[in-house]
Amino acid sequence: MLKRDRRQSWTHNNLIMTTDYQCHQIFARRSAILTDRVKNLNIN
Numbered sequence: 001m002l003k004r005d006r007r008q009s010w011t012h013n014n015l016i017m018t019t020d021y022q023c024h025q026i027f028a029r030r031s032a033i034l035t036d037r038v039k040n041l042n043i044n
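Position one of the sequence shown corresponds to residue 1 (the UniProt record's numbering), numbered consecutively onward.
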């Protein structure tokens, strides 16, 4: 039973890390789009 519990918690931690990574990617993409818009405004 201990092994099964440990494996489940490990999978759960991996899921949390994956969702955190995906959120970070989305946030980075949004900030990159925002900086591109600001650069375009400054050029024009």
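Where is the CB? At the ideal position from N, CA and C, for every residue including glycine.
Length of the line joining the Cα atoms of residue i and residue j
i	j	result
N13	R37	36 Å
T19	N40	32 Å
R29	T11	27 Å
Q22	I16	10 Å
N42	I33	14 Å
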